[in-house]
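Undergrad: Once you've had a glance at the structure underneath, I'll fire off some questions.
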Amino acid sequence: MKYHLSLIGMLFLGIISTSNAQNDFPPEGFMDGAYVVIGRLPDSNQTYQGTIGVTSSNQVLSMTRVINGQKTIALGKFETTSENAQVLKISFESKGKKYEESCLVVSDLDNYARVTCYVYQQS
């Protein structure tokens with residue numbers, strides 16, 4: 336019986352330490368790859384689509400967006416909100432205007448990153 340209790344205790348401690356590891360999400364390289372982008376800029380009803388390539392180094396994401404043949408370079412970094420959630424903040428400039436994106440990043444069942452962002456113009 337003591338064996339089962341100690342095993343349960345170790346599992347419980349493992350769950351606690353895993354929940355504290357959320358600050359390390361995502362691991363380096365998790366977001367690296369090519370993505371399809373579908374969106375709409377603020378104050379516009381026109382939608383767009385394109386591609387984005389992501390590479391990471393030292394917890395900073397470098398991104399190359401290609402939308403309608405126009406290439407844009409963006410930088411992103413994970414931040415912790417006041418609600419203790421991890422969000423990806425991305426900054427870029429397009430047509431002389433500065434934009435920022437706040438993104439939620441989750442892992443789906445096949446361990447690929449799924450990203451949903453809200454784009455807004457910086458003031």
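Numbered continuously in the numbering used here, the sequence shown closes out at residue 458. The C-beta atom is built at its ideal place from N, Cα and C for all residues, glycine as well.
#1: What's the gap between the Cα of Gln421 and the Cα of Thr399?
#2: From what residue to what residue does the beta strand (DSSP E) around Thr407 run?
#3: Below 8 Å on the Cβ atoms is my contact criterion, and I expect Glu435 with Gln457 to pass it. Report the Cβ-Cβ distance as a whole number of Å.
#4: Tell me, which residues are paired with Phe427 by DSSP?
#5: In whole angstroms, give me the CA-to-CA distance for Ile402 and Cys452.
#6: Starting from the C-beta of Gly368, find all residues in its chain whose C-beta is less than 7 Å away, skip the five residues before and the five after it, and write them out in chain order.
#7: Taking DSSP as the reference, what is the three-state secondary structure of Cys444?
#8: Taking the alpha-carbon positions, what's the Val440 to Arg449 distance?
TA: Quick answer:
#1: 22 Å
#2: 405 to 415
#3: 5 Å
#4: Ala409, Tyr434
#5: Going by the C-alpha atoms only, they are around 16 Å apart.
#6: Val389
#7: Reading the sequence as shown, one finds Leu at residue 444 and not Cys. Coil.
#8: 6 Å
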